[in-house]
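This report concerns only the one structure given below.
There are 2 protein chains.
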Amino acid sequence: MRAAIIGAGVIGRGWACRFLLHGWDVVVYDQDPATPGQLNKTLQQATQALHALYAPSLPGSGTLSYAESIATAVIGADWVQESLPESIELKQAVLRDIAPYLGQDVPLASSTSGYKPTALAAGLECAPQLLVCHPFNPVYLLPAVEVVGSESTRADVLTDAMTVLRHLGMFPVEVRREIDAHVADRLLEALWREALWLIKDGVATTEEIDDIMRHGFGLRWAQMGLFETYRIGGGEAGMHHFLEQFGPALAWPWSKLTDVPVMDAALIDKIARQSDAQSGHLSISELEQQRDENLVALMRALRSTNQGAGRLINDYLDPRL
Amino acid sequence: MRAAIIGAGVIGRGWACRFLLHGWDVVVYDQDPATPGQLNKTLQQATQALHALYAPSLPGSGTLSYAESIATAVIGADWVQESLPESIELKQAVLRDIAPYLGQDVPLASSTSGYKPTALAAGLECAPQLLVCHPFNPVYLLPAVEVVGSESTRADVLTDAMTVLRHLGMFPVEVRREIDAHVADRLLEALWREALWLIKDGVATTEEIDDIMRHGFGLRWAQMGLFETYRIGGGEAGMHHFLEQFGPALAWPWSKLTDVPVMDAALIDKIARQSDAQSGHLSISELEQQRDENLVALMRALRSTNQGAGRLINDYLDPRL
Numbered sequence: 003m004r005a006a007i008i009g010a011g012v013i014g015r016g017w018a019c020r021f022l023l024h025g026w027d028v029v030v031y032d033q034d035p036a037t038p039g040q041l042n043k044t045l046q047q048a049t050q051a052l053h054a055l056y057a058p059s060l061p062g063s064g065t066l067s068y069a070e071s072i073a074t075a076v077i078g079a080d081w082v083q084e085s086l087p088e089s090i091e092l093k094q095a096v097l098r099d100i101a102p103y104l105g106q107d108v109p110l111a112s113s114t115s116g117y118k119p120t121a122l123a124a125g126l127e128c129a130p131q132l133l134v135c136h137p138f139n140p141v142y143l144l145p146a147v148e149v150v151g152s153e154s155t156r157a158d159v160l161t162d163a164m165t166v167l168r169h170l171g172m173f174p175v176e177v178r179r180e181i182d183a184h185v186a187d188r189l190l191e192a193l194w195r196e197a198l199w200l201i202k203d204g205v206a207t208t209e210e211i212d213d214i215m216r217h218g219f220g221l222r223w224a225q226m227g228l229f230e231t232y233r234i235g236g237g238e239a240g241m242h243h244f245l246e247q248f249g250p251a252l253a254w255p256w257s258k259l260t261d262v263p264v265m266d267a268a269l270i271d272k273i274a275r276q277s278d279a280q281s282g283h284l285s286i287s288e289l290e291q292q293r294d295e296n297l298v299a300l301m302r303a304l305r306s307t308n309q310g311a312g313r314l315i316n317d318y319l320d321p322r323l
Numbered sequence: 003m004r005a006a007i008i009g010a011g012v013i014g015r016g017w018a019c020r021f022l023l024h025g026w027d028v029v030v031y032d033q034d035p036a037t038p039g040q041l042n043k044t045l046q047q048a049t050q051a052l053h054a055l056y057a058p059s060l061p062g063s064g065t066l067s068y069a070e071s072i073a074t075a076v077i078g079a080d081w082v083q084e085s086l087p088e089s090i091e092l093k094q095a096v097l098r099d100i101a102p103y104l105g106q107d108v109p110l111a112s113s114t115s116g117y118k119p120t121a122l123a124a125g126l127e128c129a130p131q132l133l134v135c136h137p138f139n140p141v142y143l144l145p146a147v148e149v150v151g152s153e154s155t156r157a158d159v160l161t162d163a164m165t166v167l168r169h170l171g172m173f174p175v176e177v178r179r180e181i182d183a184h185v186a187d188r189l190l191e192a193l194w195r196e197a198l199w200l201i202k203d204g205v206a207t208t209e210e211i212d213d214i215m216r217h218g219f220g221l222r223w224a225q226m227g228l229f230e231t232y233r234i235g236g237g238e239a240g241m242h243h244f245l246e247q248f249g250p251a252l253a254w255p256w257s258k259l260t261d262v263p264v265m266d267a268a269l270i271d272k273i274a275r276q277s278d279a280q281s282g283h284l285s286i287s288e289l290e291q292q293r294d295e296n297l298v299a300l301m302r303a304l305r306s307t308n309q310g311a312g313r314l315i316n317d318y319l320d321p322r323l
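Chains A and B are the protein sequences, given in the same order.
Numbering-wise, our numbering comes out as the position in the first sequence, counting from 1, plus 2.
Numbering-wise, our numbering comes out as the position in the second sequence, counting from 1, plus 2.
Below, the structure is given as structure tokens:
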């Protein structure tokens, strides 16, 4: 099997590594001359992490090559993944270039975090094969991927795509209704805005917010998410009772929740300064290394608690399903 | 050392277990006749979890007793923890009852998730010893605790309280500016509102949202939080550059982010029904058991990656500091 990776920024490189380490051949198209060097580095990190997570069950790696044109990348590919910057004009232009070379049943997946697939597909002849597959950084390690079809996406293409993603060790969640930013980035944006207010108003620093998250609700959300956690919070009285109690608080006058903060130079400076104080003693590579070691350990830990029907612990921990 | 636990709902029971299992004697005051039975059950869960996390370094348990009055609970206590329902009138009435029996240097900590300590302390003679210590459920297991002093809180009481919390294996974060709901519940409320919209608008179910969270950004936030994660996302170009790029998206017309959803009967029914479909095959006890096993495994995993200066992995993993 062969994947064409169109655009090799952080997300595209992550996809390339995930495909390679699950045995696919990968052809990368990106005109930035720095791409091979950056991808080699990401591949080293990913190889170390995935071997720690899956060994000895990981298959042999596929082969990596680079294409000089979109045509040579896409011809013969069994999967095409577009991971260009978030500009709909740019994405549509490249999707239009891809179309003539796309095999007839091949999924054409966009990593877009913001655009609806129907907006992306407008006027494109490849629309029936186009869908959104929005992953999470680091793509080679985090299992979740949001899969969104457009009004034109063929049902069999969507189904096949879900199967391929599961074979790549991912946990695809189909989002059945199109909205800007899908599901995850809606949630992330809401929390991010509120965090910006907390910084701007001097309530907490970047480090204090991170500490409260990772020693508090971050640990909860790594294993149960929001609703199952609150279900427990409600106790034996049940979710219905819990929600009835919780409802009135939504109308409390926490006005900052509903304003949009202005990201002006002063706020940017403040956050960047606090972040430097928090993490500036480590390079990005060192932070990535720490993150990956932590994620591997967390995912191995969740595998170890594989309870009951394994509902909480996931298929993604076995790449051979 | 002896702690007085005033109010033994889910949060009060969690505090009681944390104190007991770290060697403190605990006196509980709660007029609900179901309290001893419920607390015994929580204590079994907590004992199992903390032994799995800390053994063999956990000290012997303290003794547990029940008081018939606030006076007998508070007299001789080295820490008083109030965990009553979120009603400021109720809390103030009980804090007023506690005051005459409070030792002169003893912290009087409120578990309130919503009220500012200065609002709680208004007109109370115990104000100099009153502070907010807002924990996370399950309190016996999750390390984070938000510590907020009022305008009247004595500096030495605040400092001593931070030390005690660290000795209880917690990770206290001092919130230096008072706002309604402190830090964590501001962030939680923002994400919760957005999640309600996603359910109400039929974009995703409770289970799909939970899956996207726990296989995606939940794993990220269990170990690095928000800002360090984004720092990595920004790459070598740095946080300043990342923020400049990200800024414009804040003004995008994602209007649902800034509306307040109405928690009407239809929405309550929808969420409760989806939650039942997701988790109704398990009792709350079974869910708690799964949660605790997962949390213990995650925390052990983070201890195992104790990198560099140990900044990412925390003091809370060694209760003997």
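Positions of the beta carbon are idealized from the N, C-alpha and C atoms, including for glycine.
When the distance is taken between beta carbons, is residue j closer than 8 Å to residue i?
i                      : j                      : result
residue 9 of chain A   : residue 86 of chain A  : yes
residue 227 of chain A : residue 203 of chain B : no
residue 293 of chain A : residue 141 of chain A : no
residue 170 of chain B : residue 132 of chain B : no
residue 299 of chain B : residue 304 of chain A : yes
residue 109 of chain B : residue 69 of chain B  : no
residue 177 of chain B : residue 81 of chain B  : no
residue 146 of chain A : residue 105 of chain B : no
residue 129 of chain B : residue 152 of chain B : yes
residue 154 of chain B : residue 121 of chain B : no
residue 185 of chain B : residue 205 of chain A : yes
residue 101 of chain A : residue 83 of chain A  : no
residue 76 of chain A  : residue 103 of chain A : yes
residue 79 of chain B  : residue 4 of chain B   : yes
residue 221 of chain B : residue 297 of chain A : yes
residue 47 of chain A  : residue 290 of chain A : yes
residue 7 of chain A   : residue 137 of chain A : no
residue 208 of chain A : residue 244 of chain B : no
residue 273 of chain A : residue 211 of chain A : no
residue 107 of chain B : residue 175 of chain B : no
In terms of residue numbering, what span does the alpha helix (DSSP H) encompassing residue i cover?
i                      : result
residue 76 of chain B  : 72 to 76
residue 122 of chain A : 119 to 123
residue 67 of chain B  : No alpha helix (DSSP H) holds residue 67 of chain B; the beta strand (DSSP E) holding it covers 66 to 68.
residue 46 of chain A  : 37 to 56
residue 235 of chain A : 227 to 236
residue 206 of chain B : Taken as a continuous stretch (DSSP letters only), residue 206 of chain B belongs to no alpha helix (DSSP H), as it is neither H nor E.
residue 294 of chain A : 286 to 306
residue 329 of chain A : Shown here, chain A extends from 3 to 323; a query on residue 329 of chain A therefore has no answer.
residue 220 of chain A : 220 to 223
residue 327 of chain A : Residue 327 of chain A falls outside the range modelled here, since chain A spans only 3 to 323, and no answer is possible.
Give me the DSSP bridge partner(s) of residue i.
i                     : result
residue 82 of chain A : A:6 and A:110
residue 28 of chain A : A:5 and A:66
Please list the segments of the alpha helix (DSSP H) lying wholly inside the stretch 131 to 200 of chain B, counting only runs of 4 or more residues, in order along the chain. 157 to 169
Are three or more beta carbon pairs between the stretch 225 to 233 of chain A and the stretch 272 to 286 of chain B nearer than 8 Å? In short, these stretches touch, since the Cβ pair count reaches three.
Please give me, in chain order, every unbroken run of the alpha helix (DSSP H) with length at least 4 that falls completely inside the stretch 86 to 117 of chain A. 90 to 100
State whether the stretch 187 to 197 of chain B contacts the stretch 183 to 196 of chain A, with contact taken as three or more CB pairs (one from each stretch) at a distance under 8 Å. Yes, the stretch 187 to 197 of chain B touches the stretch 183 to 196 of chain A.
Kindly confirm or deny that the stretch 56 to 75 of chain A and the stretch 26 to 39 of chain A touch, where touching means at least three C-beta pairs closer than 8 Å. yes
Quick one: any contact between the stretch 34 to 53 of chain A and the stretch 107 to 125 of chain A, if contact means 3 or more CB pairs under 8 Å? no
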